[in-house]
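So for the sequence shown, the numbering used here puts the first residue at 299; every next one is plus one. All C-beta atoms, glycine included, are put in the ideal place defined by N, C-alpha and C.
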Amino acid sequence: MTELESGAGRSLEGRSYIVLGGTGGIGSALVRRLVHRGAHVVAAARGEEALQALADETGVETASVDVTDPGQVDDLVKRVAEAQPELYGMALCVGSILIRPAHLTTPDQFRETLNINLESAFFTVRAATRHMDGAGSVVLFSTAAAGIGLAAHEAIAAAKGGVEGMVRSAAASYAGRGLRFNAVAPGLVDTPLARRITSSKSGRAASEALHALGRLGHPDEVASMAEWLMDPAHDWVTGQVFGIDGGLARVRSK
299 MTELESGAGR SLEGRSYIVL GGTGGIGSAL VRRLVHRGAH VVAAARGEEA
349 LQALADETGV ETASVDVTDP GQVDDLVKRV AEAQPELYGM ALCVGSILIR
399 PAHLTTPDQF RETLNINLES AFFTVRAATR HMDGAGSVVL FSTAAAGIGL
449 AAHEAIAAAK GGVEGMVRSA AASYAGRGLR FNAVAPGLVD TPLARRITSS
499 KSGRAASEAL HALGRLGHPD EVASMAEWLM DPAHDWVTGQ VFGIDGGLAR
549 VRSK
């Protein structure tokens, strides 16, 4: 039984959160967990249809936002912070998967990978620090590939490695304000984003074999770590990167 199913955890009623990428596999799982605990949640993403479906399911407020546009991100956070004085947390649950060695990666593909993964993280940190008053928690997403050398992951490892460095620097810069910055570094998670890799039987088997625990992650398993980091009960944690990866980055069982 998951924490969500058991109803564990104190209420977050009166707290507000923004989940960027809120309609993705991990993002929507995080939205559900926060709503379940009574938080006011604004889910942001680009797809209007998916946002409407999430709103119908959970009752959350939604916003159509392109996280690679700094103006849109800043406007959203400013608007929510003005309307919800208890804006306590933000999570950026957005990413991409490019598995291609450097000599086969075009400059445009590399720039796109940086834009989606690293620049959007910077825009999130910038908006949070401009508009969140007082203590709070910002959660970004890295990847196990930033902590271990995986073949053909040069672009995404570079982008997410930058995210991890940003987390540590921002944690130092804004500790005096009580703003916390942490990251979650998943292995391969069974989400729509991963289906290009896992849709074939051989691709899924190879991916599972990379993980010491022999399976892919579930979105809710990763979202639970983000939820934990966004809980004010855990306000002595900052500047950390948490691997939720089935052992991928640190463990070899064979």
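Could you give the distance in angstroms between the alpha-carbon of residue i and the alpha-carbon of residue j?
{"i": "D488", "j": "S505", "result": "11 Å"}
{"i": "T387", "j": "K376", "result": "What sits at residue 387 in the sequence shown is Gly, not Thr. Roughly 13 Å separates the two Cα atoms."}
{"i": "D367", "j": "F421", "result": "8 Å"}
{"i": "I454", "j": "T403", "result": "11 Å"}
{"i": "L266", "j": "A433", "result": "Since the first residue shown for the chain is 299 and the last is 552, residue 266 is missing from the structure and cannot be characterised."}
{"i": "G305", "j": "E410", "result": "Low local confidence applies: a pLDDT of 42 at G305 is under 50, so the model's placement there is unreliable, with the coordinate-based value given in what follows. G305 and E410: Cα-Cα distance of roughly 40 Å."}
{"i": "I397", "j": "H532", "result": "35 Å"}
{"i": "G463", "j": "L527", "result": "18 Å"}
{"i": "A469", "j": "V437", "result": "11 Å"}
{"i": "V371", "j": "A481", "result": "19 Å"}
{"i": "G307", "j": "R335", "result": "7 Å"}
{"i": "H429", "j": "E417", "result": "18 Å"}
{"i": "A457", "j": "R344", "result": "21 Å"}
{"i": "G474", "j": "V423", "result": "16 Å"}
{"i": "Q538", "j": "L390", "result": "16 Å"}
{"i": "I446", "j": "R550", "result": "12 Å"}
{"i": "A353", "j": "T360", "result": "7 Å"}
{"i": "A400", "j": "S467", "result": "28 Å"}
{"i": "I478", "j": "G512", "result": "Checking the sequence, you will find Arg at residue 478 rather than Ile. So the alpha carbons of these two residues sit roughly 33 Å apart."}
Can you give the beta carbon distance from residue i to residue j, rounded, assuming they're within the 8 Å contact cut?
{"i": "L318", "j": "V378", "result": "At roughly 11 Å, the Cβ-Cβ gap does not stay under 8 Å, so L318 and V378 are not in contact."}
{"i": "V557", "j": "T356", "result": "Residue 557 cannot be examined here, being either before or after the span of the chain that is shown, 299 to 552."}
{"i": "H516", "j": "L546", "result": "In fact, because the Cβ distance is near 15 Å, the residues do not count as touching under 8 Å."}
{"i": "G485", "j": "A442", "result": "5 Å"}
{"i": "A553", "j": "A483", "result": "Lying before the first or after the last residue shown, residue 553 is absent from the chain, which here runs from 299 to 552."}
{"i": "S498", "j": "E384", "result": "So it is not a contact: roughly 46 Å between Cβ atoms."}
{"i": "V392", "j": "V365", "result": "5 Å"}
Which residue comes first and which comes last in the beta strand (DSSP E) that contains residue i?
{"i": "P405", "result": "Element bounds for P405: not the beta strand (DSSP E) but the alpha helix (DSSP H), 405-412."}
{"i": "E380", "result": "First-last for E380: 368-381, but that is the alpha helix (DSSP H), not the beta strand (DSSP E)."}
{"i": "A389", "result": "385-390"}
{"i": "A361", "result": "359-362"}
{"i": "V539", "result": "539-542"}
Note the first and the last residue of the continuous alpha helix (DSSP H) segment covering residue i.
{"i": "V520", "result": "517-527"}
{"i": "L438", "result": "Looking at the DSSP string, L438 is not in any alpha helix (DSSP H); the run it does join, the beta strand (DSSP E), is 434-439."}
{"i": "V365", "result": "Unbroken run through V365: none, as it is neither H nor E."}
{"i": "A426", "result": "418-429"}
For residue i and chain B, any beta-carbon pair shorter than 8 Å?
{"i": "A444", "result": "As a matter of chain content, chain B is missing from the structure shown, which is built from one protein chain."}
* Asked: Are three or more beta carbon pairs between the stretch 441-451 and the stretch 515-532 nearer than 8 Å?
  -> no
* To do: Output the residue ranges of the alpha helix (DSSP H) runs that lie fully inside the stretch 453-508 and measure 4 residues or longer, sorted by chain position.
  => 493-496, 499-508
* Asked: Which whole runs of the alpha helix (DSSP H) in the stretch 303-348 are 4 residues long or more, in chain order?
  -> 323-334
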